[in-house]
């Protein structure tokens, strides 16, 4: 497993997991409990990891997220 992204943005993480799932990519969120336990200071980001074999496709999904964020759409 390789780390794809770190974030405390729950909306982004939800979108990312759904987009990865739609592409058939299994992803795990690590540190979710530790992140929630630290409260609102966001000291511990959640980490999304994917299988190494899916890394290229997962990065393309991240590129789509970046395009949506910058331009409001792909």
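Numbering (this note's numbering), first residue to last: 124 to 197. All residues carry an ideal CB built from backbone N, CA and C; glycine is no exception.
| Item | Value |
| --- | --- |
| Between residue 142 and the rest of its own chain, which residues show a CB-CB distance below 8 Å, the 5 nearest in sequence each way excluded? | 184, 187, 188 |
| Please tell me whether residue 151 and residue 169 are closer than 8 Å, where the distance is taken between their beta carbons. | no |
| On the DSSP bridge assignment, give the partners of residue 126 in chain order. | 172 |
| Can you give the beta carbon distance from residue 171 to residue 128, rounded, assuming they're within the 8 Å contact cut? | 5 Å |
| Restricting to Cα atoms, I'd like to know which of 181, 138, 147 is closest to residue 126. | 181 |
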